[in-house]
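In this note's numbering, the protein residues as written are 448 to 770.
Every residue, glycine too, gets a C-beta built ideally from N, C-alpha and C.
Quantities reported herein were computed from a predicted structural model and do not represent experimental measurements.
Below: one structure, written as structure tokens.
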Amino acid sequence: MTLGASLLDGTLRGLSRLIQLHPEAWRVRRGLTRIDDIPYLDSGSGAHTLDIYRPKRLAGLVPVVLYVHGGGFRILSKETHWMMAQAFASRGYLVCNINYRLAPRHPFPTPLADVCCAALWVKRNVHRFGGDATRLILAGESAGANLVSALAFCHSFRRPEPWARALFEADIAPRAVLAACGILQVSDPGRFERRKTLPRIVNSRIHLVSNSYLKGVGTPTPLLADPLRLAESDAPTDRELPPFFLPCGTKDPILDDSRRMCAALERRGAVARAPIYPGGLHAFHAMLWDDLARQMWRDQFAFLDELGLGPEARIYQAEQTCL
């Protein structure tokens, strides 16, 4: 990890720990059970663990959210993204909030292969914790949106990669994909600059993400590294595509990826929505106390309700949950 990445990672981790001290975070947490550091692979590595968040009182099995954190494939963890897991769990879902190995030390396909292994663990084990794996929702932001989109495509497209083939054969069928502000094509990072002039620091970070995740990857770039390109390709699906919710803000420099993905999915006959939030920055919805973020979460839960994926047990209503 570079010095700049280390500083950013440390700053965001510190901010995440600070937010946990907020009184609202404590209020919501009282209604939840959290089980930390469950291994989904027997590697002995913390990168192969997940945390489970769930309501303390369950009347039966509830829908499951497999949450994959962002961070440009390079930084952050399940620990920094506790607020995302808590927001879903406070609505009544059981959440598996996972770690995975990070680039550049572990470039593509390692992070995606890890996420596939986590999904296999969820299907085989989540019922023991009160989750219904037949009502599986994939969720993630930024790089996590890329990974959950690729994970969903591993179910819909028969692929030759061993880890993708294992997922396809296990028939892990997500009922919905929540892919927020995703970098859905990692290759050709210059496309954003060609579309409009970006601040130098933003442009350099997009290139850094691409170079880190695709380190040592030859050309052409594998389609599962670029789920957007797979969606836009002529490759036929082997199974129906799940519904996608692709929220993004107007001030997000990678907004065009969400728009393109929505259009590609619609051309394939899939249910896809890409609500655009005026003034929203990249990953704006992580600031759960902000009015724009609250609106996005309300829209997201309404989307799940429309699909019949709203849990019966709700600890707090989304509009009341700010952390």
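Here's the rule I'm using: 16 or more other beta-carbon atoms within 10 Å means buried, otherwise exposed. How should residue i be labelled?
i      : result
Trp529 : buried
Pro725 : exposed
Ala733 : buried
Arg552 : exposed
Pro667 : exposed
Pro554 : buried
Ser589 : buried
Glu407 : Any answer about residue 407 is impossible in this case: the structure gives the chain only from 448 up to 770.
Asp704 : buried
Lys698 : exposed
Pro486 : exposed
Under a three-way DSSP split, which group does residue i fall into?
i      : result
Phe691 : strand
Arg501 : strand
Cys564 : helix
Gly757 : coil
Ile648 : helix
Asn546 : coil
Val624 : strand
Arg483 : One point to set straight first is that residue 483 is Asp, not Arg, in the sequence displayed. In this structure, Asp483 counts as strand in the three-state DSSP scheme.
Glu608 : coil
Val573 : helix
Asp752 : helix
Ala472 : Any reading at Ala472 is ruled out, since the residue's pLDDT is 47, under 50, leaving its predicted position unreliable.
Gly578 : strand
Ala719 : strand
Tyr540 : coil
Leu585 : strand
Gly591 : helix
Leu614 : helix
Leu508 : coil
Using only the alpha-carbon positions, how far apart do residue i and residue j sit?
i      : j      : result
Pro674 : Gly507 : 35 Å
His516 : Asp483 : 16 Å
Leu488 : Leu513 : 16 Å
Gly629 : Leu693 : 8 Å
Asn544 : Thr644 : 36 Å
Asp752 : Ala560 : 30 Å
Phe691 : Cys563 : 18 Å
Asp737 : Arg707 : 27 Å
Pro556 : Leu670 : 11 Å
Asn658 : Ser634 : 9 Å
Arg571 : Arg642 : 44 Å
Phe646 : Tyr660 : In the sequence as displayed, the identity of residue 646 is Pro instead of Phe. Rounded to the nearest angstrom, the two C-alpha atoms are 22 Å apart.
Val509 : Lys503 : 12 Å
Thr491 : Gly478 : Correcting the residue identity first, residue 491 is Gly in this sequence and not Thr. When rounded, the distance between both Cα atoms is 31 Å.
Ala527 : Arg686 : Going by the sequence as given, residue 527 is Thr instead of Ala. The alpha-carbon atoms of Thr527 and Arg686 are separated by roughly 34 Å.
Thr684 : Ile653 : 30 Å
Leu598 : Leu523 : 20 Å
Arg548 : Trp610 : 15 Å
Here's a check: name, in chain order, each residue in its chain whose Cβ is nearer than 8 Å to the Cβ of residue i, leaving out the five neighbours to either side.
i      : result
Val649 : Pro700
Using C-beta distances below 7 Å, list every residue in its chain close to residue i, excluding the 5 sequence neighbours before and after it, in chain order.
i      : result
Ala682 : Phe604
Leu688 : Ser603, Leu712, Arg715 and Ala717
Arg612 : Arg606
Val595 : Val515, Leu585, Ala586, Gly587, Val624 and Ala626
Leu754 : Arg622, Ala623 and Pro690
Lys662 : Ala550, Pro551 and Pro554
Ala617 : Leu567 and Lys570
His574 : Leu508 and Ala580
Gly578 : Leu508, Val509, Val511 and Leu541
Can you list, in chain order, the residues of its chain with a C-beta nearer than 6 Å to that of residue i? Leave out the 5 residues immediately preceding and following it.
i      : result
Gly696 : Tyr724, Gly727, Leu728 and Phe731
Phe576 : Ile499
Ala592 : Ala626, Ala627 and Gly629
Arg720 : Phe692
Val542 : Tyr500, Val512, Tyr514, Ala532, Phe535 and Ala536
May I ask you to check if the CB of residue i is nearer than 6 Å to at least one heavy atom of the ligand COA?
i      : result
Gln632 : This structure does not include the ligand COA; it has no bound ligands of any sort.
Worksheet entry | the segment 492 to 512 / the segment 594 to 606 touching (three or more Cβ pairs under 8 Å) | No: the two stretches stay apart, fewer than three of their Cβ pairs being nearer than 8 Å.
Item to complete: Answer yes if the segment 610 to 628 comes into contact with the segment 582 to 596, meaning at least three C-beta pairs across the two stretches below 8 Å, and no otherwise.
Response: With contact defined as three or more Cβ pairs closer than 8 Å, the segment 582 to 596 and the segment 610 to 628 are in contact.
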